[in-house]
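Laid out in structure tokens, this is it:
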């Protein structure tokens, strides 16, 4: 791999790393998901520095071209992330529903008591 | 026995007053204590104002939840206030109040969950349109397949349960198109379910919550829900 390309890619990864850390510190990304993205960045950095790992792996698994393996891994990875997102949306919906119900019942009883006084 | 009638209402300004008056009429003639509560599911019309004006007992949800979330709020209310029986009664005027006492009677004689059904015995002229009946027949068949119990009208929203059912529904109740799935859940918990014949009327004002275009997706997701629920609860009490 070309040396300038390597530096360029590493700079992009560094920029993304700073972005993630900043977002976590602004409390706009929880540590649970933040550490996951940082883990992904580390893997990507290793691959950029030692691209041979990639070629050896794709040979080992019988891919004709290394990029096919990357596409496949990327596809499964995105699929998995989206699945996790839909489950976490569902969990949040359930919690929001619970809050709306409990607050509505509570509010009703508070209003009723207020009127009695 | 303390009985709570749960009346979910979403944009039922034209029907709600009449519906509550029906319930108030049967309050006097019943030997049980019959209370009701309107769950206003974030209506955008005057439903809430009409309830307030008439001093109806109403819980206004602070946000729209959908029919399942609204009905579940009613069950939670029944649980908190120690009702022995809770009965769902739609706010749109489709259900007939004279069958409420039949449902109460059936629960008193030992059934846990009683469904007011259009198809057990033909009482009403209004049953449903052809395609909807076909859909109901299919769901009925699917429930029989999954639970070995025949439910003739699994989409009926006119149903009631005892304390055990109130507890279960307070904990778990589906949000969208909840009737068939929740019925399967009750059967799987080995509770006694009975269907009794009732009349239903065509809704007087407004439109039904199930739109024709969505009905295919409805059939699909309800079928999945029935299958998943019946697998999930197997073996567990």
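Chains as they are written, first to last, in my numbering: chain A, 401 to 517; chain B, 3 to 239.
Idealized CB from N, CA, C, for every residue including glycine.
{"Check": "Where residue 504 of chain A meets chain B, residues with beta-carbon distance less than 8 Å", "Outcome": "61, 62, 63, 64 and 75"}
{"Check": "According to DSSP, residues forming a beta bridge with residue 97 of chain B", "Outcome": "B:202"}
{"Check": "Segment contact flag, the stretch 163-175 of chain B with the stretch 147-155 of chain B, C-beta cutoff 8 Å, min 3 pairs", "Outcome": "no"}
{"Check": "Contact between the stretch 83-90 of chain B and the stretch 4-24 of chain B (3+ Cβ pairs under 8 Å)", "Outcome": "yes"}
{"Check": "Sequence-distant residues of the same chain with beta carbon closer than 7 Å to residue 71 of chain B, five excluded per side", "Outcome": "177"}
{"Check": "In DSSP terms, what residue 60 of chain B is bridged to", "Outcome": "B:40"}
{"Check": "Endpoints, the beta strand (DSSP E) within which residue 6 of chain B is located", "Outcome": "4-11"}
{"Check": "Chain A contact for residue 1 of chain B (CB, 8 Å cutoff)", "Outcome": "Since the first residue shown for chain B is 3 and the last is 239, residue 1 of chain B is missing from the structure and cannot be characterised."}
{"Check": "Any C-beta of chain B under 8 Å from that of residue 495 of chain A", "Outcome": "no"}
{"Check": "Beta carbon of residue 120 of chain B nearer than 8 Å to that of residue 200 of chain B", "Outcome": "yes"}
{"Check": "For residue 191 of chain B, three-class secondary structure by DSSP", "Outcome": "coil"}
{"Check": "Beta-carbon neighbours of residue 79 of chain B, restricted to chain A and to distances below 7 Å", "Outcome": "505"}
{"Check": "Contacts that residue 82 of chain B makes with chain A (C-beta to C-beta distance below 8 Å)", "Outcome": "505"}
{"Check": "Chain B contact for residue 492 of chain A (CB, 8 Å cutoff)", "Outcome": "no"}
{"Check": "Inter-stretch contact (C-beta, 8 Å, three-pair minimum) for the stretch 496-516 of chain A and the stretch 87-102 of chain B", "Outcome": "no"}
{"Check": "Chain B contact for residue 500 of chain A (CB, 8 Å cutoff)", "Outcome": "yes"}
{"Check": "Straight-line gap, residue 48 of chain B to residue 57 of chain B (C-alpha atoms, nearest Å)", "Outcome": "14 Å"}
{"Check": "Beta carbon of residue 186 of chain B nearer than 8 Å to that of residue 117 of chain B", "Outcome": "no"}
{"Check": "Near the ligand NAD: residue 7 of chain B beta-carbon under 7 Å from a heavy atom", "Outcome": "Absence of the ligand NAD from the depicted structure is noted, as is the absence of any ligand whatsoever, leaving it without description."}
{"Check": "Beta-bridge pairing of residue 197 of chain B - partner residues as DSSP gives them", "Outcome": "B:117"}
{"Check": "Local Cβ density within 10 Å of residue 11 of chain B, reported as buried at 16 or more and exposed below that", "Outcome": "buried"}
{"Check": "Stretch-stretch touch, CB-based, cutoff 8 Å, three pairs: the stretch 493-507 of chain A with the stretch 20-27 of chain B", "Outcome": "no"}
{"Check": "Neighbour flag for residue 50 of chain B against chain A, beta carbons, 8 Å", "Outcome": "no"}
{"Check": "Cut-off 7 Å between Cβ atoms - residues of its own chain near residue 434 of chain A, not counting five sequence neighbours on either side", "Outcome": "420 and 424"}
{"Check": "Under the three-state DSSP convention, the category residue 137 of chain B falls into", "Outcome": "helix"}
{"Check": "Proximal residues, the stretch 167-184 of chain B versus chain A, C-beta separation under 8 Å", "Outcome": "177"}
{"Check": "Residue(s) in a DSSP beta bridge with residue 163 of chain B", "Outcome": "B:88 and B:115"}
{"Check": "Contact check, residue 40 of chain B vs residue 69 of chain B, beta carbons under 8 Å", "Outcome": "no"}
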